[in-house]
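Enquirer: The sequence shown begins at 475 in my numbering and counts up by one.
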Amino acid sequence: MPQKLTKLEEEAIKLLLKHQDKGLLQSELWHKLGVTSREGSRIAIRLEKKGMIKRVKEFAKDRWTRRLVPLIRRVTIDPIKDAPCISCPYNQICSIGGVKDPRSCPLLEKWIIESYQAHKAQMEKKIENREH
Ligand code: SF4
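#1: What is the DSSP secondary structure of K594, reduced to helix, strand or coil?
#2: Between which residues of its own chain and A486 is the CB-CB distance below 7 Å, once the five residues before and five after are set aside?
#3: The ligand SF4 and K555: does the residue's C-beta get closer than 8 Å to at least one heavy atom of that ligand?
#4: How about R541 and L498: are their beta carbons less than 9 Å apart?
#5: Leaving out the 5 sequence neighbours to the left and right, which residues in its chain are closer than 8 Å to K496 when beta-carbon positions are compared?
#6: If you reduce the DSSP assignment to three classes, tell me which class R512 lands in.
#7: Please state whether DSSP places L498 in a helix, a strand or coil.
#8: What residue range does the alpha helix (DSSP H) around K481 cover?
#9: Starting from P544 and walking both ways along the beta strand (DSSP E), at which residues does that stretch end?
#10: For E513, which option in T480, K528 and K584 has the closest C-alpha, if you only look at C-alpha atoms?
#11: Decide yes or no for the touch test of the region 572-588 against the region 519-538: beta carbon pairs closer than 8 Å, at least 3 of them.
#12: Roughly how many angstroms lie between the CA atoms of V549 and A534, to the nearest whole one?
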């Protein structure tokens, strides 16, 4: 079930999603949100209770603080934007066990295999670039 967020919690999540991989130090987030550390701590604790972030202890700028790391991810349609179903004339009648069934669709199977191969090649190239 979607979590109900206050305006400030929503703003905090938007900012944290811009730093999806490493998160932000809590003081950096308070500064960007324009709130006091007390109010900011409350927001972080509530977001952690809702399972949307984790608060990781970290020694930074000469003292112990918390890094706020988002546990949710920004979702885009990029991975499926080229899927054949989007422009398929049968997509209104296609369903599991239906007249047209995605489990036996050659177009969908071809797209999945090609997407997987393209993704795999991209990852291998990234790894290769890191090693050199
Ligand atoms: S699974 Fe195949 S038939 Fe069904 S909508 Fe996608 S492309 Fe069309």
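Ideal Cβ positions, reconstructed from N, Cα and C, are used throughout, including at glycine.
Expert: So, from the data block:
#1: helix
#2: Contacts found: L503, L507, I517 and L521.
#3: no
#4: yes
#5: R541 and V543
#6: helix
#7: Secondary structure of L498 (DSSP, three-state): strand.
#8: Segment K481 to L491, the alpha helix (DSSP H) holding K481.
#9: R537 to P544
#10: T480
#11: no
#12: C-alpha of V549 to C-alpha of A534: approximately 30 Å in a straight line.
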